[in-house]
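A.B. asks:
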Amino acid sequence: MLDRDAKKVLIGKRIAQELCDGDYVNLGIGLPVEVANHIPQGIRVFFQSENGILGAGPAPAPGKEDPDLINAGGGPITAIPGAAYFDSFLSFSLIRGGHINMTVLGALQVDARGNIANWMIPGKLVPGIGGAMDLVSGAKQVVAAMEHVDKDGNPKILEHCTLPLTGAGVVTLIVTDMAVIRVTPAGLRLVEVASWTTVDDVVAATEAKLIIDGQVGVFS
Amino acid sequence: MAKIISGREAAALVAPGSRIMVSGFLACGAPAWLLDCLVEAGPKDLHLVAISTDYDDRGIGRLITAKLVKSCQVSHIGTNKTTQAQYKNKELDIEFVPQGILMERIRCHGAGLGGVFSPVGVGTPVAEGKETLTENGKTYILERPISADVALIKAKKADTLGNLVYSKMARNCNPIMAMGAPITIVEVDEIVEPGQIDPEEVVTPGCLVQYLVRKGE
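Protein chains in written order, with our numbering: chain E, 1 to 220; chain H, 1001 to 1217.
(1) For the stretch 1127-1169 of chain H, list the beta strand (DSSP E) runs that are entirely contained and at least 3 residues long, ordered along the chain.
(2) What are the residues of the stretch 133-146 of chain E that lie near chain H, defined by any Cβ-Cβ distance shorter than 9 angstroms?
(3) Does the CB of Pro185(E) have a neighbour CB from chain H at under 8 angstroms?
(4) On the three-pair Cβ rule with 8 angstroms, is the stretch 1178-1191 of chain H touching the stretch 1002-1016 of chain H?
(5) Run through chain H and tell me which residues come within less than 7 angstroms of Ser195(E), C-beta to C-beta.
(6) Between Leu108(E) and Ile121(E), how many whole angstroms is the CB-CB distance? I'm expecting something under 8 angstroms.
(7) According to DSSP, is Glu1104(H) helix, strand or coil?
(8) Residues of chain E with CB under 7 angstroms from Val1022(H), in chain order?
(9) Kindly indicate if chain E contains any beta-carbon less than 8 angstroms away from that of Arg1001(H).
(10) Compare the beta carbon distance of His148(E) and Lys140(E) with 8 angstroms and say whether it is the shorter of the two.
(11) Let me make sure I understand the geometry here. Which of Ser1052(H), Leu1035(H), Leu1113(H) and Ile1004(H) has the alpha-carbon closest to that of Cys1173(H)?
(12) Whole angstroms is fine: what's the gap from Val1165(H)'s alpha carbon to Leu69(E)'s?
(13) Could you tell me the distance, in whole angstroms, from the CA atom of Ile181(E) to the CA atom of Glu192(E)?
(14) Between the stretch 154-171 of chain E and chain H, which residues of the former have CB atoms less than 8 angstroms from a CB of the latter, in chain order?
(15) Taking 8 angstroms as the threshold (C-beta atoms), are Val143(E) and Val104(E) in contact?
(16) I want to verify the contact list: residues of chain H whose CB lies under 9 angstroms from the CB of Gly130(E), in sequence order.
(17) Among His1109(H), Gly1180(H) and Tyr1087(H), whose alpha-carbon lies nearest the alpha-carbon of Lys1067(H)?
(18) Could you round the C-beta distance between Gln41(E) and Asn26(E) to whole angstroms and report it? I think they count as a contact, below 8 angstroms.
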């Protein structure tokens, strides 16, 4: 079993390998932010933040923070040379209009049909929707970055989501600390398992039926 | 032609029970001085339209903490524990609106449109009770305009005609909310004479602005 930080690195690193040179990418708050730390050598990607920038750069050195430059989680960022600022209307037009190649979001649950739930737990927690519903409806690739099971060990990849949805049939790829799973019209296809675990353990930790055909790869 | 007033005079334009729109994204680009003045004036039973309720002690959250808000249309409350508590205790009524759709709905009002058909939230609670349209096999829901009585926004600089320029990502929802109400009050850092802002740089034209307030005045 990996600790929380090791899981984060494993997931972030693997998602980064999905990126192509020149991609425009939106990273959700929390786990997805890790992807930015693992961009493969030789490719250049541009980060969009829904609060109004294309070309977001890393956090500034302490003392150099600018209150007018923040990421979607409120943390300080920088703007790379060649960055563009715009208002929220244009920002979400870019998102919904299919002009962003990939969005990476955290998830409470995903299911066999590519449904995703990440905005509320009725009676318990209602952080709200933010930009997530726009992002999943418009980005070309919607990647769910998540721990494979919840803190009690229950599966989060289900046959049917039980929580209110953020988007229906929108997820294209699921990357967890245990597996890489592609959402296909036929269902969820197991593409790779993490080197620290096994196909059998992944199947046991997944409520949804996994399609396993041919060689299952390994990632670490 | 925009009129220059004080923050206190601006707050007096917000009547108890009115609908207000307040700009900012997690307090970035929020009119902090106007919020100070509004909290001091204390009009109750407001309906709030905003991206989020920011933080308990910073940005729009101060209106929630001061218990001035009765209902709101927002996209997110995850950074504000007071909002979450008031919502749970049913002191505060919330309609959650996807952030980009909140922008579209305000823009619809400002642009004279009756609504917009959107794919966002189809198959989720957001779609419940809304009219649908199916086009090329894809389903859209009808999202209706959102307006307010008064919009409180923030810009970096204005000229006396009300033309506005913003600072970096503090622009966010400000230009959209400038179209959302018949009375738009703008907090600015600086007011200059007409001609001192290059027309190429104006983001919000002056016809959308009724009042200007210099930060701290």
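Quick reminder that beta carbons are idealized off the backbone N, C-alpha and C, glycines included.
C.D. replies: So, from the data block:
(1) 1132-1135, 1138-1143 and 1150-1159
(2) Met133, Asp134, Leu135, Val136, Ser137 and Gly138
(3) no
(4) yes
(5) Correct list: empty, because the minimum Cβ distance to chain H is about 34 angstroms.
(6) 7 angstroms
(7) helix
(8) What Val1022(H) touches in chain E: nothing, since even the nearest Cβ is about 14 angstroms away.
(9) Checking the sequence, you will find Met at residue 1001(H) rather than Arg. Closer than 8 angstroms: no.
(10) no
(11) Ser1052(H)
(12) 16 angstroms
(13) 7 angstroms
(14) Pro164, Leu165, Thr166, Gly167, Ala168 and Gly169
(15) yes
(16) Ile1051, Ser1052, Ser1075, His1076, Gly1078, Pro1098 and Gln1099
(17) Tyr1087(H)
(18) At roughly 22 angstroms, the Cβ-Cβ gap does not stay under 8 angstroms, so Gln41(E) and Asn26(E) are not in contact.
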